[in-house]
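Chemist:
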Ligand code: APR
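In the numbering used here, the protein residues as written are 28 to 271.
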């Protein structure tokens, strides 16, 4: 098919809410991670420089807990994979989540803007590799041999998110921007809706349990658990009913 005849693209932005029904805690809900843990102590670049052991111990512990829980994709992840498979245009999933549930559900175009669980990055040489091993300040980089520079490949507050060029380019060519299960509190992701409206004139839809921080910026709002709202929304798009 000639490029001009492809239906225009859809950008899906997901956050912790889409994985909640798979058993992964969100961050800012009443039972969320940041209500129990001080993010300034474990999720900022300053915390890393202040106390590497504390930060690494936190992520070692969190990773072991997630592996023990045998988390699997839910109906929302599966519906988005179906959308990418059956929709004729481009579908790009931009996720703030570090879990692999979109890929496990079958999505192929997934951009993890806040990094990925199960990956390690060297602050010295930038080398990224898959690893399930616990990290300590004594861990050595297999690439540059530096000691004390390995950390989870997770974007902390104060750091630049990943894949931003690809994300902005995808938003610039989309007709629909769909935000799912994110509180709209964390930038730059919370600002994607404005970019999609201003630069791409896209239709913007929010799917969440409740109204979010950037809720007034969306054309359309669908509230409810992601395992119900996302499959219904995907059904609607695939049936050709773009807008409510
Ligand atoms: N279905 C749909 N939405 C849900 C569900 C559900 N079953 N459960 C919770 N939600 C919604 C909540 O109402 C909330 O608005 O998901 C949202 C989760 O918001 P946050 O906890 O703030 O998570 P998120 O927006 O992904 O956080 C952004 O903050 O700490 C950082 O790096 C971390 O990527 C994360 C970023």
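Note that CB positions come from ideal geometry on N, CA and C, so glycine has one too.
Quick check on this structure: which residue in 36, 38 and 43 has the alpha carbon closest to the alpha carbon of residue 235?
Modeler: The residue you call residue 235 lines up with position 208 of the chain shown. The candidate whose alpha carbon is nearest that of residue 235 is 43.
Chemist: Flag residue 138 as yes when its Cβ comes closer than 7 Å to any non-hydrogen atom of ligand 1, and as no otherwise.
Modeler: Your numbering for residue 138 matches position 111 in the chain shown. Checking the Cβ of residue 138 against ligand 1 gives no.
Chemist: Who are the near neighbours of residue 30 in its chain, counting only those whose CB is closer than 6 Å to its CB and skipping five residues on each side?
Modeler: Along the chain shown, one-based indexing puts residue 30 at 3. Because residue 30 carries a pLDDT of 47, less than 50, the predicted location of this residue cannot be relied on, and the following value inherits that uncertainty. Once the five neighbours on either side are set aside, residue 30 has no close Cβ partner at all.
Chemist: Determine, using beta-carbon pairs with one atom in the region 162 to 176 and one in the region 214 to 224, whether at least three such pairs fall under 8 Å.
Modeler: With a cut-off of 8 Å, the region 214 to 224 and the region 162 to 176 do not count as touching, because too few Cβ pairs lie within range.
Chemist: Residue ranges of each alpha helix (DSSP H) run of no fewer than 4 residues wholly in the region 80 to 165, ordered along the chain?
Modeler: Whole alpha helix (DSSP H) segments, 4+ residues: 102 to 113 and 128 to 132.
Chemist: Only counting runs of 3 or more residues, tell me where the beta strand (DSSP E) segments fall wholly within the region 218 to 271, in order along the chain.
Modeler: Listed in chain order, the complete beta strand (DSSP E) runs (minimum 3 residues) inside the region 218 to 271 are 230 to 235 and 247 to 250.
Chemist: Give a single yes or no on whether residue 106 has its beta carbon closer than 7 Å to a heavy atom of ligand 2.
Modeler: Although ligand 2 was asked about, the structure shown includes only ligand 1 as ligands.
Chemist: Check whether the region 82 to 98 and the region 242 to 253 touch, using three or more Cβ-Cβ pairs below 8 Å as the test.
Modeler: Short answer: they don't touch.
Chemist: Name, in chain order, the residues that DSSP records as bridge partners for residue 77.
Modeler: Residue numbering aside, residue 77 sits at position 50 when the chain shown is read from its first letter. Its beta-bridge partners do not exist; DSSP assigns none.
Chemist: Comparing the CB of residue 132 with every heavy atom of ligand 1, is any distance shorter than 7 Å?
Modeler: Position 105 of the chain shown, counted from the start, is the residue given in the question as residue 132. Every heavy atom of ligand 1 is 7 Å or more from the Cβ of residue 132, so no.
Chemist: Since residue 174 sits in a beta bridge, which residues does DSSP pair it with?
Modeler: Within the chain shown, numbered from 1, the residue matching residue 174 stands at position 147. Answer by DSSP bridge pairing, in chain order: 167.
Chemist: What I want to know is whether the C-beta of residue 263 ends up closer than 7 Å to one or more non-hydrogen atoms of ligand 1.
Modeler: The residue given as residue 263 occupies position 236 in the chain shown. Result no, Cβ not under 7 Å from ligand 1.
Chemist: State yes or no: is the C-beta of residue 252 nearer than 7 Å to some heavy atom of ligand 1?
Modeler: The count along the chain shown starts at 1 and reaches residue 252 at position 225. Result yes, Cβ under 7 Å from ligand 1.
Chemist: May I ask you to report which of helix, strand or coil DSSP gives residue 62?
Modeler: For the purposes of this step, residue 62 is taken as residue 35 along the chain shown, with counting starting at 1. DSSP places residue 62 in helix when its eight states are reduced to three.
Chemist: Would you be able to state if there are at least three C-beta pairs under 8 Å between the region 178 to 194 and the region 67 to 76?
Modeler: At 8 Å Cβ cutoff, the stretches touch.
Chemist: Along the chain, where does the alpha helix (DSSP H) containing residue 44 start, and where does it finish?
Modeler: The sequence position of residue 44 within the chain shown is 17, counting from 1. Residue 44 -> alpha helix (DSSP H) spans 44 to 47.
Chemist: Within the continuous alpha helix (DSSP H) that includes residue 52, where are the two ends?
Modeler: Here residue 52 is taken as the residue at index 25 of the chain shown, counted from 1. That residue, residue 52, is in no alpha helix (DSSP H); it is neither H nor E in DSSP.
Chemist: To the nearest angstrom, report how far apart residue 207 and residue 67 are at their CA atoms.
Modeler: Here residue 207 is taken as the residue at index 180 of the chain shown, counted from 1. Here residue 67 is taken as the residue at index 40 of the chain shown, counted from 1. Roughly 26 Å between the two C-alpha positions.
Chemist: Hey, quick one: how far does the beta strand (DSSP E) through residue 56 stretch, first residue to last?
Modeler: Numbered from its first residue, the chain shown carries residue 56 at position 29. Neither: residue 56 is in no beta strand (DSSP E) and is coded neither H nor E.
Chemist: Under the DSSP definition of a beta bridge, which residues are partnered with residue 36?
Modeler: As a first step, residue 36 is located in the chain shown; it is residue number 9 there, counting from the start. Answer is 201.
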